[in-house]
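**Student:** Throughout the sequence shown, residue numbering follows our numbering, covering 9 to 777 in sequence. Don't be surprised by glycine CBs; every beta carbon is placed ideally from N, CA and C. Bear in mind the structure is a predicted one, so any value in this text is a computation, not a measurement. Below is one structure. I have some questions about it.
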Amino acid sequence: MSTTYNEYDQAIDWQTVLKQISHFASFSCSQQDIMESMPLTNLHEIQTRLDFVKETMELHRQGIVVEFGGCKDIQPYIQQVTKQMVLSGHDLSDIAIFLGTCRNVQHTLHTTEAMRCIELANTMDPCTPLMKAIDRQIDRTGSIKLDATPKLAGLHRALTGARLALQASAKAFIKKNKDHLMDTTTSSIGGRLSVLVKAQDKNYFGGMIHGQSQSGLAFYVEPNAFVSANNQIQDLEGEIEQEKERICRELSRQVAKKAILLLSNLETMTILDVAFAKGMWAYQKDGCVPMIQTRDHAFLFEQARHPLIDSKKVVANTYACSKNQYCLMISGPNMGGKTVTLKTIGLFVALAHAGFPVICHRAIVPYYTSLWFDIGDHQSIEQNLSTFSSHISKLATICSQADDRTFVLIDELGNGTDPLEGASLAVAILDYLIHKQTTIITSTHFNEVKAYGKTNDHILVSSVEFDQETLQPTYRYLAGISGSSYAFSIAAQYHLDPQILAAANQWKQTHMQKVDQELARLEKMQNEVQAKEDRFDALIENAHDLQRQAEKEKQQWQKKKEELNQTYEEQLHEMLEKKQEEAQSIIRELKQQKQGKLHEQTALLHQLRIMDQTPQEKEAAPEALQVGDYVQVKGLQSHGTIIDIRKKEATIETNGMRMKVKLNRLTKIHKPNVKPVVRKTHVDPSFHRFPLELNLIGMHVEEGIEALDRYLDQAIVHHVKQVRIIHGMGTGRLRAAVWDDLDKNPVVKSKMAAGPNEGGLGATIVLLK
């Protein structure tokens, strides 16, 4: 690219933006890489970096955290070991932590679908033997472990024993010679155990004198009795330090062998961390990865927001040019937001070519091989250049080197000299660059330049909105609409004398050329049209609000409907429970009528059938059933085969009985696959229609007990004295429940397990009273 780092920073606040992004990086190498980033010319490299960012943004959206916290710049350590220097325990611990982080990053990425990141991570060698060797001998604080080697462990044990022996000896010495001592405690002077002896007795014990107290009344003396032990301790400490030095030297030698791999890992981790920092920055600011296209000059930044403006105050705008529009010209008053628009577009183009995301909803950027920026005052005292001279010098360079892959950003083209000459020069430069098909983003105050832009199909004249009532910028970008300077209105706001303003306006009207007058009239018409469009948009938004309100009310009514349905269901449930209580009462009454008359018991059973019918069931649409279907009666556990259908009523045969039931109370089910057990029993011919056995196989316990109670009631009505209940073996729960219920039933005289030919333990013979 043709622009220097400082020029980027001056034009589009490049360094400030990069610093904002670098805060998301985990360690110094990736932070430095971000801060030194510049737009690239290699399309493949640009696209590769953007692809990495796209993957990391997706991982952030999925909530997948790739932890780089253990990364550190290990280059200084590698430089030391290549010079055969010995690393400290802390340095070696940093290398082990770094390798552990490399391994963890690899493991985490392998659980994702980020294929590019996985492919890059796979190039790393975690150097597991080296990491284990360091971890085995050095802890995370950088201290060498006491048992790092057998020799070191033995030395530490010996040192501990020597110190304990010396302490015991010192304790006995103090007890024996306390009259000559100032204190009964010991002190360590230069690592050697000593006692505080009275001044007159300082030579009494021999040994070495290490100093005296501040008062001069006592001396620190190492008696002869301590010298040998102190020497032994210092010898052991020296050997321990030598062993530690040997451990660090050996580990440093192993690090040196892996120097190239370690540096390669560092480079890979830097690339990954940079990609994740970019992705997190864009994810938190609701940005996107730009698409680089090489077809034409068309670009798009949808809902773009400058990253350095407070997210609560920034106004999102969409900037776009078609493939035939080479120049975007922005007009409007000073302090209206033109420069922010220029900087936003320029920044996004530069970020895209540096492999960074941009803060907008969608971005399409043409591929450029050179970027040029001319924003601000480039006056040079050293080179004796005025503002205009510096401006023209930069433009001359741009014009000489520009081509169809050049992006040019120019603020106030032709400014700083005579307005007519400056405007003429601006038109000529634009015409020259457009002829070269160079992409140009520029701003202007000159009516002649705006008029030229209006007549050129390759130029899109736009503006930044200015509120004429408040005389404050709204920072809304208006594509296709040129803006006025509002110089007189702004001057009036700053209390310039009205007579001066009136004279200025009169002079303007007198000297304004016809083209300028037509342009001013056109701008006024454009503003009126824009105002009408804004009112129309407001009406549409109000209509949308009404639509949303209607939808909200619809949902409220739907909710009320659901609440009413729920209330209705609850009332039906209460009615059902009431009927069930009444039914249970009738059943209890039947059980108590041991010698009841047949017609009374039949009447009670008929009452049960009537109670089982609910209004809802009577109104329900009958299911398509036919003769031969196996059905279940709703609300009851009775089931059987349809043998006849007449109108809305069906006759079903269940357990040897026939009963008529309304069709809407029947549900079609699969017939249980149960082999009937044939039992030859002499039965009175008058009761041949009542079955002498009940099959409960396939039923739940509660369901089976209810069927058993109903069956026994029917047996009493038919004066049957013996029946067989088939319950099967299974888990034994149904059999136990049947026996328990039979024990409680007052109509049961006795019960027994069926014989081998009658079902064995899978059936029960019941004698009734």
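Tell me, please, whether the CB atom of residue 182 is closer than 8 angstroms to any CB atom in chain E?
**Tutor:** The structure shown has no chain E; it contains just one protein chain.
**Student:** Apply the 10 Å Cβ neighbour rule to residue 341 and answer buried if 16 or more other Cβ atoms are within range, or exposed otherwise.
**Tutor:** buried
**Student:** Verify whether the separation of the beta carbon atoms of residue 45 and residue 26 is less than 8 angstroms.
**Tutor:** yes
**Student:** Name, in chain order, the residues that DSSP records as bridge partners for residue 135.
**Tutor:** None; residue 135 has no bridge partner.
**Student:** Since residue 71 contacts residue 34 with CB under 8 angstroms, what's their CB separation in whole angstroms?
**Tutor:** At roughly 18 angstroms, the Cβ-Cβ gap does not stay under 8 angstroms, so residue 71 and residue 34 are not in contact.
**Student:** Count Cβ pairs between the stretch 53 to 72 and the stretch 206 to 220 that sit closer than 8 angstroms; are there 3 or more?
**Tutor:** no
**Student:** Using the Cα positions of residue 19 and residue 413, report the straight-line distance between them to the nearest angstrom.
**Tutor:** 20 angstroms
**Student:** Quick check on the DSSP output: the alpha helix (DSSP H) that includes residue 327 runs from which residue to which?
**Tutor:** First-last for residue 327: 325 to 329, but that is the beta strand (DSSP E), not the alpha helix (DSSP H).
**Student:** Please work out which residues of its chain come closer than 8 angstroms, Cβ to Cβ, to residue 466, disregarding the five sequence neighbours upstream and downstream, and give them in chain order.
**Tutor:** 332, 333, 334, 335 and 442
**Student:** With DSSP as the reference, identify every bridge partner of residue 486, one or two as the case may be.
**Tutor:** 471
**Student:** Once the 5 residues before and after residue 473 are set aside, which same chain residues still bring their CB inside 6 angstroms of it?
**Tutor:** 482, 484 and 486
**Student:** Measure the CB-CB distance between residue 207 and residue 225 and report whether it falls below 8 angstroms.
**Tutor:** yes
**Student:** Using three-state DSSP, classify residue 703 as helix, strand or coil.
**Tutor:** strand
**Student:** Check whether the stretch 78 to 90 touches the stretch 256 to 263, taking contact to mean three or more Cβ pairs, one atom from each stretch, closer than 8 angstroms.
**Tutor:** yes
**Student:** Would you call the CB atoms of residue 773 and residue 732 closer than 8 angstroms?
**Tutor:** yes
**Student:** Contact defined as beta carbons within less than 8 angstroms: I believe residue 712 pairs with residue 735. What is the distance between those atoms, to the nearest angstrom?
**Tutor:** Right, their Cβ atoms sit about 7 angstroms apart.
**Student:** Can you tell me the Cα-Cα spacing of residue 347 and residue 451, whole angstroms?
**Tutor:** 8 angstroms
**Student:** For the beta strand (DSSP E) containing residue 335, name the first residue and the last one.
**Tutor:** 335 to 339
**Student:** Are the CB atoms of residue 279 and residue 174 within a distance shorter than 8 angstroms?
**Tutor:** No, Cβ-Cβ distance for residue 174 and residue 279 is not below 8 angstroms.
**Student:** Of all the options 717, 768 and 196, which has the alpha carbon lying nearest to the alpha carbon of residue 234?
**Tutor:** 196
**Student:** According to DSSP, is residue 165 part of a helix, a strand, or is it coil?
**Tutor:** helix
**Student:** Quick check: what's the CA-CA separation for residue 140 versus residue 147?
**Tutor:** 11 angstroms
**Student:** Kindly confirm or deny that the stretch 288 to 307 and the stretch 109 to 129 touch, where touching means at least three C-beta pairs closer than 8 angstroms.
**Tutor:** No: the two stretches stay apart, fewer than three of their Cβ pairs being nearer than 8 angstroms.
**Student:** Check each candidate in 410, 371 and 205 and name the one with the smallest Cα separation from residue 446.
**Tutor:** 410
**Student:** According to DSSP, is residue 689 part of a helix, a strand, or is it coil?
**Tutor:** With a pLDDT of 44 at residue 689, under the threshold of 50, the predicted position of this residue should be treated as unreliable, and no value is reported.
**Student:** Under 8 angstroms, do residue 381 and residue 422 count as touching if we go by C-beta distance?
**Tutor:** no
**Student:** Per DSSP, residue 233 forms a beta bridge with which residues?
**Tutor:** Bridge partners of residue 233: none, in fact.
**Student:** What does the Cβ neighbour count give for residue 319, buried or exposed, with the cut at 16 atoms within 10 Å?
**Tutor:** exposed
**Student:** Short of 8 angstroms in beta carbon distance, which residues of its chain neighbour residue 101, apart from the five on each side in sequence? Order them along the chain.
**Tutor:** 142, 146, 147, 148, 149 and 150
**Student:** Relative to the C-alpha of residue 671, which residue among 661, 420 and 633 is closest?
**Tutor:** 633
**Student:** Going straight from the alpha carbon of residue 378 to that of residue 24, what length do you get?
**Tutor:** 22 angstroms
**Student:** With a CB to CB cut of under 6 angstroms and the five nearest residues on each side skipped, what residues in its chain are close to residue 136?
**Tutor:** none
**Student:** Grouping DSSP H, G and I as helix and E and B as strand, with all else coil, what is residue 634?
**Tutor:** coil
**Student:** If you drop the 5 nearest sequence neighbours on each side, which residues of the same chain put their C-beta closer than 8 angstroms to that of residue 109?
**Tutor:** 75, 76, 77, 78, 79 and 277
**Student:** Decide if residue 553 is buried, meaning its Cβ has at least 16 other Cβ atoms within 10 Å, or exposed.
**Tutor:** exposed
**Student:** I'd like the list of long-range same chain contacts for residue 289, defined as Cβ closer than 6 angstroms, with 5 residues on each side in sequence excluded.
**Tutor:** 29 and 32
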